[in-house]
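The numbers in UniProt numbering rise by one with no breaks, and the one at position 4 of the sequence shown is 4.
Ideal Cβ positions, reconstructed from N, Cα and C, are used throughout, including at glycine.
Just so we're clear, the structure is a prediction, and the values are computed from it rather than from any experiment.
The block underneath contains the structure these notes are about, expressed in structure tokens.
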Amino acid sequence: MISPRSALKFDLFAEASRQHKRDEVGDPLQVIARHIDFAELARLVDALIERGDGRKGGRPAYPVEVMVRILVLKRLYN
Numbered sequence: 001m002i003s004p005r006s007a008l009k010f011d012l013f014a015e016a017s018r019q020h021k022r023d024e025v026g027d028p029l030q031v032i033a034r035h036i037d038f039a040e041l042a043r044l045v046d047a048l049i050e051r052g053d054g055r056k057g058g059r060p061a062y063p064v065e066v067m068v069r070i071l072v073l074k075r076l077y078n
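See the structure below:
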């Protein structure tokens with residue numbers, strides 16, 4: 001009996017290959033990240049935000065750094 005073939009190929013270097021392609025094209029997110037320290041900006045924003053203690057439950061908030069990145073991209077590309 002012949003085993004079914006899969007079109008999926010597992011490549012140990014797939015991530016490196018994708019990164020190389022992104023570098024060749026010039027990923028704008030990487031360019032922005034080189035110029036803006038998002039971790040420091042998120043720390044400053046986090047110091048200004050009042051947060052509850054979480055006893056009421058509810059959905060956890062998105063990480064502050066992710067939200068800062070979204071706001072910067074929105075401002076740059078509107």
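Residues of its chain near Lys56, where Cβ-Cβ distance is below 7 Å and the 5 sequence neighbours each way are ignored = none
What's the C-alpha gap between Asp53 and Asp46?
-> 14 Å
Are the Cβ atoms of Leu29 and Val68 separated by less than 8 Å?
-> no
Output the distance between the C-alpha atoms of Glu65 and Ala33, rounded to the nearest integer angstrom.
-> 12 Å
Secondary structure of Arg59, DSSP reduced to three states = coil
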